[in-house]
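Residue numbers for the sequence shown, in our numbering: 81 to 271.
Ideal Cβ placement from N, Cα and C applies to all residues, glycine included.
Here the structure is a predicted model, which is why all the values come from computation and not from measurement.
Notes follow once the structure below has been shown.
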Amino acid sequence: MPRVSTDQLAARRRQILDGARTCFADHGYEGATVRRLEQYTRLSRGAIFHYFRDKESLFLALAEQDAGRMADVVAEQGLVQVMRDLLDADSDRSWLGTRLEVSRRLRTEPEFRARWQEHSVALTAATRARLERQAAAGALRDDVPVPVLAQYLELVLEGLVSHLAMGLPTDDLDAVLDVVENGVRAATRAP
């Protein structure tokens, strides 16, 4: 029996995650049946569940992947940049279905909430770490504690996600994000 390389295993896992992301975005968690997952990934249930214990584990892997990508952007450019990326017309919005399902399941399923809390700390930690670095550099306003600023930005992100989920217009949201960004920066004083 031929051995499968690490690269081939990683490619197969990516194929499953990519197909499942689209399936969850199109049909929601409940509507993403095993049959649909097979269609979207172009793999058998045996192949899918060889990599993931069950549908919830697959879903959590997607959500964790999204949180990791967002944490990377936050670490480099800040949470407002994540929001700007979400508004980019060329960006892949299939993450939105995953994010909305996470929000729904957090509200309605205590067991899922407990599992998700283990995975959700990356974004919060990255946001706070970046804000701490900016505060130390004097780039952040100093009249509001960093944890409050972090929570403010996270709430704005959740509001933006809801806005996008409702299909509301995004034409003027860049200007709104300018206000958000300026709201956390240190005031510049005229000489």
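| Asked | Found |
| --- | --- |
| Which residues mark the beginning and the end of the alpha helix (DSSP H) in which F129 is found? | R125 to Y131 |
| As an exercise, report each continuous beta strand (DSSP E) stretch of at least 3 residues that is fully enclosed by the stretch 192–251, in chain order. | none |
| Comparing alpha-carbon positions, which option in A147, Q231, D165 and A155 lies nearest V182? | A147 |
| Does DSSP put R265 in a helix, a strand or coil? | strand |
| Based on Cα-Cα distance, which residue from V160, T102 and L140 lies nearest to D258? | V160 |
| Could you check what DSSP says for T113 in three-state terms: helix, strand or coil? | coil |
| Report the residue from S200, L97 and M163 whose alpha carbon sits nearest the alpha carbon of S242. | M163 |
| Please check the pair Q104 and L142, which I expect to be a contact at CB under 8 Å, by giving their CB distance rounded to whole angstroms. | The amino acid at residue 104 is misidentified as Gln; the sequence shows Phe. The Cβ separation is near 7 Å, so the contact holds. |
| Output needed for L180: all residues of its chain with C-beta closer than 6 Å, excluding positions within five of it in sequence on either side, in chain order. | A245 |
| Taking DSSP as the reference, what is the three-state secondary structure of R185? | helix |
| Under the three-state reduction of DSSP, which class applies to S85: helix, strand or coil? | coil |
| Mapping the DSSP letters down to three states, classify R122 as helix, strand or coil. | coil |
| Leaving aside the five residues before and after I96 along the sequence, list all residues of the same chain whose C-beta is less than 6 Å from its C-beta, in chain order. | T121, I128 and Y131 |
| Could you give the distance in angstroms between the alpha-carbon of E189 and the alpha-carbon of E238? | 19 Å |
| Inspect the beta-carbon positions of V226 and A215 and report whether they are closer than 8 Å. | yes |
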